[in-house]
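Just below is one structure, and these are the notes that go with it.
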Amino acid sequence: MSLTREQVREAVERAGDEHWQALIRFHEDAYPASRPTPGDICRAEAERLNQLGLGNDPDLRLVESRVENLGSTVRIVHVFQNQSTNARQLTEPFENYG
Numbered sequence: 066m067s068l069t070r071e072q073v074r075e076a077v078e079r080a081g082d083e084h085w086q087a088l089i090r091f092h093e094d095a096y097p098a099s100r101p102t103p104g105d106i107c108r109a110e111a112e113r114l115n116q117l118g119l120g121n122d123p124d125l126r127l128v129e130s131r132v133e134n135l136g137s138t139v140r141i142v143h144v145f146q147n148q149s150t151n152a153r154q155l156t157e158p159f160e161n162y163g
């Protein structure tokens, strides 16, 4: 089953309030410039993870998504857990929302 925007948002929230707030601040601090909303970023990340095949792997569960506001962009790292081994793996940091 493919990942959805809602699942990525829930994963960001599971990482802690500071991660969701980093997405909000990234969008709001750019005013009057227009940056992607937190929902836009979660949607794009769901699509990106699905394209990488991570959203369709039945052995992987998205545990949390960590967000760091870098000012001109955000850095996102997703944590997946392998259901068979309980091993966790992190995605490479991704920055492309400036």
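In the working numbering, the protein residues as written are 66 to 163. Note that the Cβ used here is the ideal one computed from N, Cα and C, for glycine as well.
S130 is classed as buried because its beta carbon has at least 16 other beta carbons within 10 Å across all chains shown.
For E133, the enclosing beta strand (DSSP E) begins and ends at 125-134. Rounded to the nearest whole angstrom, the CA to CA distance from H84 to H143 is 12 Å.
By the beta-carbon neighbour count (other beta carbons within 10 angstroms, threshold 16), G163 is exposed. Residue range 82-93 is occupied by the alpha helix (DSSP H) that includes F91. When secondary structure is reduced to three states using DSSP, L114 falls in the helix class. Excluding its 5 nearest sequence neighbours in each direction, D124 has C-beta neighbours in its own chain below 7 Å: N147, Q148, S149, listed in chain order.
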